[in-house]
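Asks: Quick note, the sequence shown lines up with residues 5 to 356 if you use our numbering. A virtual CB, placed ideally from N, CA and C, is assigned to each residue, including glycine. Note that the structure is predicted; figures quoted are calculated from it, not measured. Got a structure for you, written out below as structure tokens; questions coming shortly.
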Amino acid sequence: MSISKPPRSFFKPLAIGAPAPFRELPTRVERMIHFVPPHIEKVRAKSGDIAKQADVVLANLEDAIPSDAKEAARAGALDMAENIDFSSTGTGFWARVNCLNSPWFLDDVTELVTKAGNKLDVIMLPKVEGPWDIHYADQLIAQLEAKASIKRPIMLHAILETAEGVQNVEQICLASPRMHGISLGPADLAASRAMKTTRVGGGHPFYKVIEDPRSDDAPRAAAQQDLWHYTVSKMVDACCTAGIKPFYGPFADIADVEACEQQFRNAFLMGCAGTWSLHPKQIDIAKRVFSPDVDEVLFAKKILAAMPDGTGVHMIDGKMQDDATWKQAKVMVDLARQVAEKDPDLASAYEF
Ligand SMILES: CC(C)(COP(=O)(O)OP(=O)(O)OC[C@H]1O[C@@H](n2cnc3c(N)ncnc32)[C@H](O)[C@@H]1OP(=O)(O)O)[C@@H](O)C(=O)NCCC(=O)NCCSC(=O)C[C@H](O)C(=O)O
Ligand SMILES: [Mg+2]
5 MSISKPPRSF FKPLAIGAPA PFRELPTRVE RMIHFVPPHI EKVRAKSGDI AKQADVVLAN
65 LEDAIPSDAK EAARAGALDM AENIDFSSTG TGFWARVNCL NSPWFLDDVT ELVTKAGNKL
125 DVIMLPKVEG PWDIHYADQL IAQLEAKASI KRPIMLHAIL ETAEGVQNVE QICLASPRMH
185 GISLGPADLA ASRAMKTTRV GGGHPFYKVI EDPRSDDAPR AAAQQDLWHY TVSKMVDACC
245 TAGIKPFYGP FADIADVEAC EQQFRNAFLM GCAGTWSLHP KQIDIAKRVF SPDVDEVLFA
305 KKILAAMPDG TGVHMIDGKM QDDATWKQAK VMVDLARQVA EKDPDLASAY EF
């Protein structure tokens, strides 16, 4: 017998007075989650301008924040919630709290929900290992939402960054209607798996396939492979099954914009909705990559126009189209419509 909630209970608030969880995710373009270290006043002061460029701004309280600056970072996050106007640009405001077994988690969540809960869209939860972590955070957040009379539910976004978390990703995604999505955490995950790399995301020059020996003894061609392909695929399937969003995570070689763009593009093509940006220059890369390609959108529109009821078979520009390609086209055009609402230049390029 499986131990899961009866269907009628799944969407009930977990505390009396807490808002009911969303039945559908709010429709939002979230091409990048921009990380701000909120304890650094100089950077925090820029986050108002960053909020005009990025789809989501995240106050980071976890890794990259020194242990003696955790309280300052939390205070900085509350300051951002109070003083930045996220709503006029439709920008999401998220916070990454410290992990569940840290001494800071309880105060992070308590203060964020009770003091900034009506501004906060999503809490990002690091190092999630199984559905039990989500159940605990879900119940605690509901209690705090009730206590502080929060009007709309705060969503949860888990980071996939331990071998155990990857093993349990399907159950994590299905654990609660509060789940918004999952991000890949390639640095912690590499450490958890004892992968022999010091890079954060991206490829590795030693992880490659080489061609067969050549008769002329010339050097053999080689191509780097994607270390993250299996994990991203597993994450995308788990998220799509649960109706939540998969995201790539950090790419820490800030100077290597070309490799960053390629890693983001691989994730986009495989189904990810967005990525993290750690530095302002990664915002535009993510915007470019996670907005669908103009030529592909125009071609997808042709497919939808040729097959108004989504059935049958058609030839367009020499390529066979049928019910399945109609669905592919709809994914592309639906996303383009959402992006177009935020971006007038793309709206005109997509010919909406
Ligand atoms: C990575 C950085 C430490 C680099 O900072 P810096 O050396 O200051 O960069 P620049 O000199 O090029 O900065 C140019 C100007 O831009 C401002 N700046 C820099 N970063 C940001 C930012 N994130 N948001 C807003 N503004 C930013 C600088 O202040 C400069 O301004 P000015 O002096 O006026 O010209 C830094 O970018 C940074 O701290 N980024 C965030 C790092 C972070 O959040 N790391 C944690 C996430 S990754 C992770 O956790 C791993 C994951 O969990 C896993 O397991 O995989
Ligand atoms: Mg991490």
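Could you tell me which residues DSSP puts in a beta bridge with residue 307?
Replies: Residue numbering aside, residue 307 sits at position 303 when the sequence shown is read from its first letter. As computed with DSSP, residue 307 is found in no beta bridge at all.
Asks: Given residue 201, which residues of its chain have a CB within under 6 Å of its CB, disregarding the five upstream and five downstream residues?
Replies: Residue numbering aside, residue 201 sits at position 197 when the sequence shown is read from its first letter. Non-local C-beta neighbours of residue 201 in its own chain, meaning closer than 6 Å and more than five positions away in sequence, comprise 194, 208, ordered along the chain.
Asks: Tell me whether the beta-carbon of residue 99 lies closer than 7 Å to the beta-carbon of residue 123.
Replies: As a working mapping, residue 99 is identified with position 95 in the sequence shown. As a working mapping, residue 123 is identified with position 119 in the sequence shown. Result no, Cβ atoms of residue 99 and residue 123 do not sit closer than 7 Å.
Asks: Going by DSSP, what residue range makes up the beta strand (DSSP E) through residue 160?
Replies: As a working mapping, residue 160 is identified with position 156 in the sequence shown. Start and end: 159–164.
Asks: Residue 171: buried (16+ other C-beta within 10 angstroms of its C-beta) or exposed?
Replies: Here residue 171 refers to the residue found at position 167 when the sequence shown is read from its first residue. Residue 171 should be labelled exposed.
Asks: Regarding residue 133 and ligand 1, is the C-beta to nearest heavy atom distance less than 6 Å?
Replies: Your numbering for residue 133 matches position 129 in the sequence shown. Incorrect: residue 133 has no Cβ contact closer than 6 Å to ligand 1.
Asks: Give me, in chain order, the residues of the same chain whose beta-carbon lies closer than 7 Å to that of residue 73; leave out the 5 immediate sequence neighbours on both sides.
Replies: In the sequence shown, residue 73 corresponds to position 69, counting from 1. Excluding sequence neighbours, residue 73 sits near 43.
Asks: Should residue 185 be counted as a contact of ligand 2 given a C-beta to heavy atom distance under 6 Å?
Replies: To locate residue 185, count along the sequence shown from 1; it is residue 181. No, the Cβ of residue 185 stays beyond 6 Å of every heavy atom of ligand 2.
Asks: How would you label residue 30, buried or exposed, when you count the other beta carbons within 10 angstroms and need 16 or more for buried?
Replies: In the sequence shown, the residue the question calls residue 30 occupies position 26. Label assigned to residue 30: exposed.
Asks: Could you tell me which of 192, 298, 333 sits nearest to residue 349, measuring between CA atoms?
Replies: For the purposes of this step, residue 349 is identified with residue 345 of the sequence shown, where counting begins at 1. Of 192, 298, 333, the residue nearest in Cα terms is 298.
Asks: Among all the DSSP beta bridges, which residues are the ones paired with residue 153?
Replies: Translated into positions along the sequence shown, residue 153 becomes position 149. DSSP, once it has assigned bridges, lists no residue as partnering residue 153.
Asks: For residue 283 and residue 256, I'd like the C-alpha separation in whole angstroms.
Replies: Reading the sequence shown from its first residue, position 279 is the one you call residue 283. Reading the sequence shown from its first residue, position 252 is the one you call residue 256. Those two C-alpha atoms are separated by around 9 Å.
Asks: Nearest-angstrom Cα distance between residue 305 and residue 337?
Replies: Here residue 305 is taken as the residue at index 301 of the sequence shown, counted from 1. Here residue 337 is taken as the residue at index 333 of the sequence shown, counted from 1. C-alpha separation (whole angstroms): 7 Å.
Asks: When every heavy atom of ligand 2 is checked, does at least one fall within less than 6 Å of the C-beta of residue 418?
Replies: Examination of residue 418 is not possible in this model, given that the chain is present from 5 through 356 alone.
Asks: Give a single yes or no on whether residue 314 has its beta carbon closer than 6 Å to a heavy atom of ligand 2.
Replies: Here residue 314 refers to the residue found at position 310 of the sequence shown. No, ligand 2 has no heavy atom inside 6 Å of this Cβ.
Asks: According to DSSP, what are the bridge partners of residue 318?
Replies: Along the sequence shown, one-based indexing puts residue 318 at 314. Answer is 325, bridged to residue 318.
Asks: Using only CA atoms, which one of 110, 165, 164, 168 lies nearest to residue 147?
Replies: The residue you call residue 147 lines up with position 143 of the sequence shown. Comparing Cα-Cα distances from residue 147 to each of 110, 165, 164, 168, the minimum goes to 110.
Asks: As a quick exercise: from 131, 212, 97, 40, pick the residue whose alpha carbon is nearest that of residue 232.
Replies: Counted from its first residue, the sequence shown places residue 232 at position 228. When each option's Cα is compared against that of residue 232, the closest is 212.
Asks: Scan the region 174–201 and note each continuous alpha helix (DSSP H) run of 4 residues or more that stays entirely inside, going in chain order.
Replies: 190–196
Asks: Pick from 296, 117, 341: whose alpha carbon is nearest that of residue 160?
Replies: As a working note, residue 160 is residue 156 in the sequence shown. The shortest Cα separation from residue 160 among 296, 117, 341 belongs to 117.
Asks: Beta-carbon within less than 8 Å of residue 90's beta-carbon, same chain only, minus the 5 sequence neighbours each way: which residues are those?
Replies: Position 86 of the sequence shown, counting from 1, holds the residue named residue 90. Spatial neighbours of residue 90 in its own chain (CB-CB distance under 8 Å, excluding positions within 5 residues in sequence) are listed in chain order as 55, 61, 96, 97, 123.
Asks: Helix, strand or coil: which one does DSSP assign to residue 27?
Replies: Here residue 27 refers to the residue found at position 23 when the sequence shown is read from its first residue. In the structure shown, residue 27 sits in coil (DSSP, three-state: anything other than H, G, I, E or B).
Asks: With a threshold of 6 Å, establish whether the CB of residue 67 neighbours any heavy atom of ligand 2.
Replies: The sequence position of residue 67 within the sequence shown is 63, counting from 1. Yes - ligand 2 has a heavy atom lying nearer than 6 Å to the Cβ of residue 67.
Asks: What residues match up with residue 41 in a beta bridge as DSSP calls it?
Replies: On the sequence shown, residue 41 is found 37 positions in, with the first residue counted as 1. Residue 41 is not bridged to any residue.
Asks: Use the C-beta contact count for residue 244: other C-beta atoms within 10 angstroms, 16 or more gives buried, fewer gives exposed.
Replies: Locating residue 244 in the sequence shown gives position 240, where the first residue counts as 1. By the neighbour-count rule (16 or more Cβ atoms within 10 Å), residue 244 is not buried but exposed.
Asks: Sorted by chain position, which residues of the same chain lie with C-beta nearer than 6 Å to residue 19's C-beta, five sequence neighbours on each side aside?
Replies: Here the question's residue 19 lines up with position 15 in the sequence shown. In its chain, beyond the 5 residues on either side, 146, 147, 150 have a beta carbon closer than 6 Å to the beta carbon of residue 19.
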